[in-house]
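**Q**
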Amino acid sequence: MKPKLHQSHICIALPALIHRIGREVVTEAQLIAAHHHCAIARVRRSRHWQLTGKAMDISAFRAWLAAALATRVAVMGGNSKSHNDSSNTKISGLVVINTAANWPYLLKKMNDGLIPHADKLETLTQKLARLLRESPTITLHELMLQTDCSESQARLARLSSDTW
0 MKPKLHQSHI CIALPALIHR IGREVVTEAQ LIAAHHHCAI ARVRRSRHWQ
50 LTGKAMDISA FRAWLAAALA TRVAVMGGNS KSHNDSSNTK ISGLVVINTA
100 ANWPYLLKKM NDGLIPHADK LETLTQKLAR LLRESPTITL HELMLQTDCS
150 ESQARLARLS SDTW
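Going by numbering that gives the first Met the number 0, the first residue of the sequence shown is number 0, and it counts up by one from there.
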């Protein structure tokens, strides 16, 4: 069953994913994505796939894949038949994944897909603080329009950013 797409979720297209990185790598990526509250699923009955989840979760998934690619070591939780074969080497609870070399395509697609959603990668308080740092003379109304926050949240951010 596919997860329901909420308003805060984003979708990143992964065209011809299996043809590019292989079924075994996609299965591993699906397990890791589920651990990060994301989902990699086929688009209807086509050969195309998509990654869905909240922008923060996808960013965490991307960071995990990048770190695992850099070290070629991944922490595996639970028992999975794709990780019990002899091609993977266990090192004190860590599993060296030999398919990590195929992840750059997935990482590139995630990087490209997150660019339009950069505003969703920071919390409201972080966004307010950044806007106030960038332009200290911004009005409360402009803050409210840019961040979709309430007047009290904008006032609180203004007070916390002011240094006496």
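Just so it is clear, CB atoms sit at the ideal spot from N, CA and C, and this is done for glycine as well.
Looking only at C-alpha atoms, which of Leu120, Ser149, Leu158 and Gly21 sits nearest to Pro103?
**A** Locating residue 103 in the sequence shown gives position 104, counting from the first residue. Minimum Cα distance to Pro103 is reached at Gly21.
**Q** Since Leu120 is in the alpha helix (DSSP H), which residue starts that stretch and which ends it?
**A** In the sequence shown, residue 120 corresponds to position 121, counting from 1. Unbroken run through Leu120: none, as it is neither H nor E.
**Q** Please report the distance separating the alpha-carbon of Leu113 from that of Val25.
**A** As a working note, residue 113 is residue 114 in the sequence shown. As a working note, residue 25 is residue 26 in the sequence shown. Cα to Cα, Leu113 sits roughly 20 Å from Val25.
**Q** Please report the straight-line C-alpha distance between Leu13 and Ser159, rounded to a whole angstrom.
**A** Counted from its first residue, the sequence shown places residue 13 at position 14. Counted from its first residue, the sequence shown places residue 159 at position 160. Cα to Cα, Leu13 sits roughly 42 Å from Ser159.
**Q** For Ala40, which of helix, strand or coil comes out of DSSP?
**A** Reading the sequence shown from its first residue, position 41 is the one you call residue 40. Reduced to three states, the DSSP call for Ala40 is strand.
**Q** Who are the Cβ neighbours of Ala32 in its own chain at under 8 Å, not counting the five residues just before and after it?
**A** The count along the sequence shown starts at 1 and reaches residue 32 at position 33. The answer, listed in chain order, is Ala38, Ile39, Leu50, Gly52 and Phe60.
**Q** Count the other C-beta atoms from every protein chain shown that fall within 10 angstroms of the C-beta of Glu192, then say buried if there are 16 or more, exposed otherwise.
**A** Any property of residue 192 remains undetermined from this structure, which presents the chain solely from 0 to 163.
**Q** Are the beta-carbon atoms belonging to Ile11 and Met109 less than 8 Å from one another?
**A** Numbered from 1 along the sequence shown, position 12 holds the residue referred to as residue 11. Numbered from 1 along the sequence shown, position 110 holds the residue referred to as residue 109. Yes; because the gap between Cβ atoms is below 8 Å, this pair is in contact.
**Q** Short of 7 Å in beta carbon distance, which residues of its chain neighbour Gln145, apart from the five on each side in sequence? Order them along the chain.
**A** The sequence position of residue 145 within the sequence shown is 146, counting from 1. Answer for Gln145: Leu130, listed in chain order.
**Q** Alpha carbon to alpha carbon, what distance is there between Ala54 and His8?
**A** Position 9 of the sequence shown, counted from the start, is the residue given in the question as residue 8. Position 55 of the sequence shown, counted from the start, is the residue given in the question as residue 54. Those two C-alpha atoms are separated by around 7 Å.
**Q** Identify, in the order they occur along the chain, each residue of the same chain with its Cβ nearer than 6 Å to the Cβ of Arg41, setting aside the five sequence neighbours on each side.
**A** Taking the sequence shown and counting its residues from 1, one reaches residue 41 at position 42. If we look at Arg41 and ignore the five residues flanking it on each side, its Cβ neighbours are Trp48.
**Q** For Ala28, which of Asn101, Ala15 and Arg46 has the nearest alpha-carbon?
**A** As a working note, residue 28 is residue 29 in the sequence shown. Ranking Asn101, Ala15 and Arg46 by Cα distance to Ala28 puts Asn101 first.
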